[in-house]
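Colleague: Heads up: the protein sequence lines correspond to chains A and B, in order.
For the first sequence, the positions run 14 to 277 when this note's numbering is used.
For the second sequence, the positions run 121 to 501 when this note's numbering is used.
A virtual CB, placed ideally from N, CA and C, is assigned to each residue, including glycine.
All figures in this text were calculated on a predicted structure; none of them were measured in a lab.
My questions will all concern the structure given below.
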Amino acid sequence: MNIVVCVKQVPDTWSEKKLNPADNTLDRGATDPVMNEMDEYAVEEALRLQEASGGEVTVLCMGPESATETVRKALSMGADKAIHVLDDGLHGSDALATSLALSKALGTTSYDLVLLGSESSDARMSVIPAMLAERLGLPQLTFAKEVTVAADGGSVTIKRLTDEGYQVVEASLPAVVSVVEKINEPRYPSFKGIMAAKKKPVETLSLADLGVDGGDVGTAGASSAVESFETAPPRQAGTVVKDEGDGTVGAQKLVEFLAGKKFV
Amino acid sequence: MAVERSLPTEESVELLALTRELCRDELAPKAAAYEAEGRFPREVFRTLGKAGLLGLPYDEKYGGGEQPYEVYLQVVEELAAVWGTVAEGVSVHTLSCFPVAKYGTDEQRDRWLPDMVGGELLGAYCLSEPQSGSDAAALTTRAVLRDGGYVVDGTKAWITHGGEADFYNLMVRTSDEGARGISCLLAPADTPGLAAATPERKMGFKGSTTAQIVLTGATVPADRLIGEEGQGFPIALAALDGGRLGIAACAVGLAQGALDTAVSYAKERKQFGRAIIDFQGLSFMLADMATGVEAGRALYLAAARRRDRGQPFGKQAAMAKLFCTDMAMRVTTDAVQVLGGYGYVEDYPVERFLREAKALQIVEGTNQIQRVVIGRHLAKE
Ligand SMILES: Cc1cc2nc3c(=O)[nH]c(=O)nc-3n(C[C@H](O)[C@H](O)[C@H](O)COP(=O)(O)OP(=O)(O)OC[C@H]3O[C@@H](n4cnc5c(N)ncnc54)[C@H](O)[C@@H]3O)c2cc1C
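Next comes the structure, spelled out in C-alpha cells:
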C-alpha cells in the first residue's frame with residue numbers, strides 16, 4: 014500500500030508570530046520554522062501502516078525553500094521519498110489554492126491513501142483535507158484517532174473523534190484521512206535516519222510542472238486579503254483585589270467579578 | 121540559551137538539533153522529579169538508544185554513529201546541561217563499549233558490539249574496589265581459569281549502572297604481577313554469581329544508580345576475555361582516557377546549565393530598585409563563570425580533536441578533566457550564590473548542578489590523580 018503524507022512547515026508553535034507589513038502575510042522569516050506538530054502524527058501513522066503492510070511512504074510538502082528542513086525531518090523519521098512543491102508564485106496562497114496545488118502534485122504519483130494532520134498550528138482552518146478529497150473525488154475521513162486498513166487493502170476504517178466520543182467510519186481506498194494527536198506518539202528521527210535522509214529522493218515541482226496557472230494561486234489568486242493590521246495593544250495592568258483582614262471582602266469581590274463575567 | 125557551536129558537518133548540526141529536542145521533550149520534564157526520588161531513568165536511555173545516541177563514536181558497520189569525539193562530546197555536554205545522570209550514563213556506557221571495540225577480536229566485535237552500541241543495552245565499567253580506588257592496580261578481585269571459564273571472586277565498588285546494566289567490563293586479577301596481572305572480562309548481567317548490592321545513597325546523581333558488584337564464583341566463559349591475559353590494566357587506562365573527556369564534557373554541560381539559570385535569574389531579580397545583574401559585583405561573578413565555561417569547552421574540544429586526528433591525547437584528556445570539573449565546581453557554587461536563598465532550594469536546578477559537579481572531581485580518577493598523570497607526562501617528555 015502506497016501512502017502520501019502531507020506535511021507543512023509552520024512557525025514554531027510557541028513563538029510570537031508577526032505579519033509582514035510589505036504584503037500583510039505571515040512573516041515566516043521572523044520565527045523558527047518547524048514541522049506542523051499534527052503532521053508528525055500523520056507521518057508516524059503512515060510509517061506504522063507501512064510497517065504493518067509494506068509499500069512506500071511519500072512526503073508531500075508545499076512551501077518555500079526553508080521547508081526542505083521539514084521534508085528532511087519526515088524523511089529522517091523514515092519516509093521513503095518526497096515531493097516538494099516549491100514556487101515563489103505560491104507565496105500567500107489561501108486554502109483553496111493550497112488544495113489545488115496539492116491535488117495536482119498528487120496527480121503525479123500513485124497512492125492508496127493520503128494522510129494529513131487535521132489542522133496546521135498557524136492557520137488552524139482544518140479545511141485542506143476536505144478540499145483535497147473534493148478535488149480528487151475521493152472519500153474523506155477526518156479527525157481519525159485510529160486508522161485500520163483492511164487486510165485486502167481495499168478499504169480503510171477510522172475511529173473519528175467527536176465531542177462525545179467517536180464514530181466508526183469506513184471508506185473504500187484510495188481515500189483521504191486526517192488524524193488527531195490522540196492517534197499515536199510520533200517517533201524521534203534517529204541519527205541513522207538523519208544520515209539516510211540525505212540519500213532519499215526529493216522531487217521538486219514548480220507551478221509550471223503541475224500545470225497550475227499563477228493567477229489561481231498565491232496572493233493574486235487568494236479569495237480574501239488582509240487590508241491592514243495593527244499590533245495588539247500591550248496588556249493592561251490587572252485589577253488587584255485586596256483582602257482587608259477578615260477574608261470576606263476580598264472573596265466577595267472575586268465572586269462578584271466572576272459572576273459579572275458570567276464565569277460562575 | 122542555545123550554545124553556539126562550531127561543528128564539522130551538516131549531519132552533526134542535525135545531531136545536535138535532535139539532542140536538544142530530546143533534552144527539551146524527554147529529559148527536562150523528568151530530571152528534577154527523578155533526582156528527588158532517586159529513580160533510574162531506564163526508559164530515557166531506551167529513547168536515546170533508539171535515536172542512536174548510545175553508540176555515537178563507534179563504527180557504522182557495528183551500528184554506531186561513526187562520529188568524531190568532537191561531536192559525540194558536545195552531545196554529552198548538551199545532555200548534562202539538562203540532566204547530569206543521563207549525560208554521565210551516556211558517557212559511562214560509551215566507555216563500556218570501548219574495550220571490545222578497540223581490543224576485541226573481529227569475532228568478538230561481530231558477536232557483541234552491535235547489541236552494545238545499538239541502543240537497547242546499557243553497559244558498566246568495573247575497575248574500582250572498596251580497598252583500591254586511586255591505586256586501581258592494587259585490585260584483588262580474582263579470576264581463575266577452570267574448565268573453559270574464568271571463575272571470579274571479589275567485590276567491585278562504586279559501579280555506575282550497577283544492577284541496571286546489561287553487561288559489565290570486569291577488571292580482574294589473573295596473576296600476582298601487579299598492574300601486569302590484570303585482565304578484562306566482558307560479563308553479561310545474567311552471569312550466575314554476579315549480583316549488585318544495595319545502591320549507594322549519594323549526595324548527587326541520585327537518579328544514577330551506583331552499587332557494588334559482588335562476584336561469588338561468577339563464571340565468565342573464556343571467550344569473553346578481551347585482549348590478552350594481563351592486558352587488562354592498559355585497556356582500563358585507555359578506556360579512561362576517552363572516558364575522562366566524557367566527564368569533562370559533562371562538567372562543562374552542567375556549568376553551562378548553572379550559568380544559564382544564573383544569568384536569566386540575575387536579569388529578572390530586582391533588589392535596591394534594579395536588576396541584580398546591573399550590580400558590578402554580581403556581573404563580574406557572572407563574567408568569570410562564563411569565561412570558565414568557554415575555556416573548559418575549548419580545552420576538552422582541543423583534546424578531542426587530538427584524539428580524532430589520531431594524536432596522543434592522554435595528557436590533554438587529564439588536563440581537560442581536571443580543569444573542567446574544577447571549573448564546574450566553582451561555577452555551580454557561584455550560581456547558587458547568584459540566586460541567593462533561591463539557589464539553595466530545589467525549586468531551581470543550581471543546587472543539583474553543584475552536587476553533581478562535586479562527583480565529577482572524584483570519578484574516573486580524582487583530580488589529584490589527574491595531576492599525577494599530567495606530572496608523569498611532563499617528567500617523561
Ligand atoms: C558517583 C560515582 C560513580 C563512580 N562510578 C564508577 C564506575 O562506574 N566504575 C568504577 O570503576 N569506579 C567508579 N567510581 C569510583 C571512583 O573512580 C573512585 O571513587 C575514585 O577513583 C577514587 O577512589 P577512592 O574513592 O577509593 O578514593 P581514594 O583513592 O581512597 O582517594 C582518597 C583521597 O586521596 C587522594 N589520593 C589518592 N592517591 C593519591 C596520590 N597518589 N596523590 C595525591 N592524592 C591522592 C585522592 O585524590 C582522594 O582525595 C565512582 C565513584 C563515584 C563517587
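Just to check my reading of the structure: Ala448(B) and Leu365(B) have Cβ atoms closer than 8 Å, yes? What is that Cβ distance to the nearest angstrom?
Modeller: Going by Cβ atoms, the distance from Ala448(B) to Leu365(B) rounds to 14 Å, so no, they are not a contact pair.
Colleague: Give the DSSP-derived three-state secondary structure of Asp273(B) in the structure shown.
Modeller: DSSP places Asp273(B) in strand when its eight states are reduced to three.
Colleague: Establish whether the CB of Ile196(A) and some CB of chain B are separated by less than 8 Å.
Modeller: Chain B contact via Cβ: absent.
Colleague: Do you know offhand how far Phe204(A)'s Cα is from Ala423(B)'s?
Modeller: Taking the straight line joining both Cα atoms gives about 24 Å.
Colleague: Quick one: using the 10 Å Cβ neighbour count with 16 as the cut-off for buried, is Trp27(A) buried or exposed?
Modeller: Exposed.
Colleague: Using a Cβ-Cβ cutoff of less than 7 Å, which residues in the same chain neighbour Met323(B) once the five nearest sequence positions on both sides are dropped?
Modeller: Closer than 7 Å at the Cβ level, and outside the excluded window around Met323(B), lie Arg475, Lys478.
Colleague: With 7 Å as the C-beta to C-beta threshold (strictly closer), list the residues of the region 199–213 of chain A near chain B in chain order.
Modeller: So the close ones are Tyr201, Pro202, Ser203, Phe204, Lys205, Ile207, Met208.
Colleague: Looking at C-alpha atoms only, which residue of Val202(B), Val206(B), Gly362(B), Leu174(B) is the closest neighbour of Gln431(B)?
Modeller: Nearest of Val202(B), Val206(B), Gly362(B), Leu174(B) to Gln431(B), Cα basis: Gly362(B).
Colleague: I'd like to know whether the C-beta of Ala221(B) is nearer than 8 Å to at least one C-beta of chain A.
Modeller: Cβ-Cβ to chain A under 8 Å: no for Ala221(B).
Colleague: Between the Cα of Gly206(A) and the Cα atoms of Gln376(B), Cys444(B), Pro128(B), Gly185(B), which residue gives the shortest distance?
Modeller: Among Gln376(B), Cys444(B), Pro128(B), Gly185(B), the Cα nearest to that of Gly206(A) is on Gly185(B).
Colleague: For the region 152–183 of chain B, which residues have a CB atom closer than 8 Å to at least one CB atom of chain A, in sequence order?
Modeller: Here the close residues are Thr167, Lys170, Ala171, Gly172, Leu173, Leu176.
Colleague: Of all the options Arg321(B), Ser303(B), Glu388(B), which has the alpha carbon lying nearest to the alpha carbon of Val340(B)?
Modeller: It is Ser303(B).
Colleague: Between the region 98–106 of chain A and the region 18–35 of chain A, do at least 3 Cβ pairs fall closer than 8 Å?
Modeller: Flag = no, the region 98–106 of chain A and the region 18–35 of chain A do not touch.
Colleague: Please determine, among Gly258(A), Leu218(A), Ile196(A), Tyr201(A), the residue with the shortest C-alpha to C-alpha distance to Leu62(A).
Modeller: Closest by alpha carbon: Ile196(A).
Colleague: Could you tell me which of Arg266(B), Glu208(B), Val195(B), Leu314(B) sits nearest to Val123(B), measuring between CA atoms?
Modeller: Per the Cα distances, Val195(B).
Colleague: Taking DSSP as the reference, what is the three-state secondary structure of Asn33(A)?
Modeller: Asn33(A) falls in the strand class under three-state DSSP.
Colleague: Once the 5 residues before and after Pro128(B) are set aside, which same chain residues still bring their CB inside 8 Å of it?
Modeller: Closer than 8 Å at Cβ, skipping near neighbours: Pro188, Glu190, Val191.
Colleague: So, Cys444(B) versus Val372(B), is the Cβ gap smaller than 8 Å?
Modeller: Result yes, Cβ atoms of Cys444(B) and Val372(B) sit closer than 8 Å.
Colleague: Using the rule of at least 16 other Cβ atoms within 10 Å of the residue's Cβ for burial, across every protein chain shown, is Phe270(A) buried or exposed?
Modeller: With fewer than 16 Cβ atoms within 10 Å of its Cβ, Phe270(A) is classed as exposed.
Colleague: Within 8 Å (strictly less), CB to CB, does Glu134(B) reach chain A?
Modeller: Yes, its Cβ sits closer than 8 Å to a Cβ of chain A.
Colleague: Do Val84(A) and Val215(A) come within 8 Å of each other at the CB atom, strictly closer than that value?
Modeller: Yes, these two residues count as a Cβ contact at 8 Å.
Colleague: Residues of chain A with a CB under 8 Å from the CB of Glu141(B): which are they?
Modeller: Here the neighbours are Tyr201.
Colleague: Write down the C-beta distance between Phe160(B) and Ser328(B) rounded to the nearest angstrom, noting that I regard them as a contact closer than 8 Å.
Modeller: Sure, about 7 Å apart at Cβ, within 8 Å.
Colleague: Could I get the ranges of all uninterrupted beta strand (DSSP E) runs contained in the region 104–136 of chain A, with 3 residues as the minimum, in chain order?
Modeller: As far as the region 104–136 of chain A is concerned, its whole beta strand (DSSP E) runs of at least 3 residues are 126–130.
Colleague: Checking 8 Å against the spacing of the C-beta atoms, do Thr330(B) and Thr261(B) come in under that value?
Modeller: No.
Colleague: So Met342(B) packs on Gly268(B), CB below 8 Å; how close in whole Å?
Modeller: One point to set straight first is that residue 342(B) is Ala, not Met, in the sequence displayed. About 5 Å separates the two Cβ atoms, so the contact holds.
Colleague: List, in chain order, every chain A residue whose beta-carbon is nearer than 9 Å to that of Glu190(B).
Modeller: Neighbours of Glu190(B) on chain A: none; closest Cβ ~15 Å, over 9 Å.
Colleague: Val212(B) and Met97(B) - do their beta-carbons sit closer together than 8 Å?
Modeller: Not covered by the structure: residue 97(B). The range shown for chain B is 121 to 501.
Colleague: Would you check if the region 341–358 of chain B and the region 289–303 of chain B touch, i.e. whether three or more CB-CB distances between them fall below 8 Å?
Modeller: Verdict: yes, contact present.
Colleague: Name the residue from Gly460(B), Lys435(B), Leu147(B) whose alpha carbon lies nearest to the alpha carbon of Gly495(B).
Modeller: Selected option, being the one with the closest Cα: Lys435(B).
Colleague: Might you give, ordered along the chain, the residues of its own chain that have their beta carbon closer than 6 Å to the beta carbon of Asp179(B), omitting 5 neighbours on each side?
Modeller: These residues qualify, in order along the chain: Glu186.
Colleague: Shorter than 8 Å from the beta carbon of Leu374(B) to some beta carbon of chain A?
Modeller: It does not: the Cβ of Leu374(B) has no partner Cβ on chain A nearer than 8 Å.
Colleague: For Asp408(B) and Lys441(B), I'd like the C-alpha separation in whole angstroms.
Modeller: Roughly 19 Å separates the two Cα atoms.
Colleague: According to the neighbour-count rule (16 or more other Cβ atoms, all chains shown, within 10 Å of its Cβ), is Ser254(B) buried or exposed?
Modeller: So Ser254(B) counts as exposed.
Colleague: Taking C-beta pairs closer than 8 Å, name the residues in chain A that Gly434(B) reaches, listed in chain order.
Modeller: In chain order: nothing, as chain A lies at least about 28 Å away.
Colleague: Let's test the definition: count the other Cβ atoms within 10 Å of the Cβ of Met439(B) and tell me whether it reaches 16, buried, or not, exposed.
Modeller: The residue in question, Met439(B), is buried, as its Cβ has 16 or more Cβ neighbours within 10 Å.
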